[in-house]
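The structure appears below as structure tokens.
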């Protein structure tokens, strides 16, 4: 089965868009990791004061 020029162009366009999406996903994943690191550090540096704060934080 031969591939027409139009089909080849469409495949190339989809491949390019897929790579752009994967690059953006990788970038967002790195940002998420950094945010989670910051949250972990913040929580470790400022532990909850009392049980009332713990209840508010956990909803229990």
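Residue numbers (full-length UniProt numbering): 1 to 60.
We treat Cβ as the ideally placed atom computed from N, Cα and C, and that holds for glycine.
As the structure is a prediction and not an experimental result, all values here were calculated from the model.
Give the straight-line distance between the Cα atoms of residue i and residue j, rounded to the nearest whole angstrom.
| i | j | result |
| --- | --- | --- |
| residue 60 | residue 35 | Residue placement at residue 60 is flagged as unreliable, the pLDDT there being 48, under the threshold of 50; a coordinate-derived value is accordingly withheld. |
| residue 8 | residue 30 | 33 Å |
| residue 20 | residue 12 | 12 Å |
| residue 17 | residue 10 | 11 Å |
| residue 2 | residue 26 | 35 Å |
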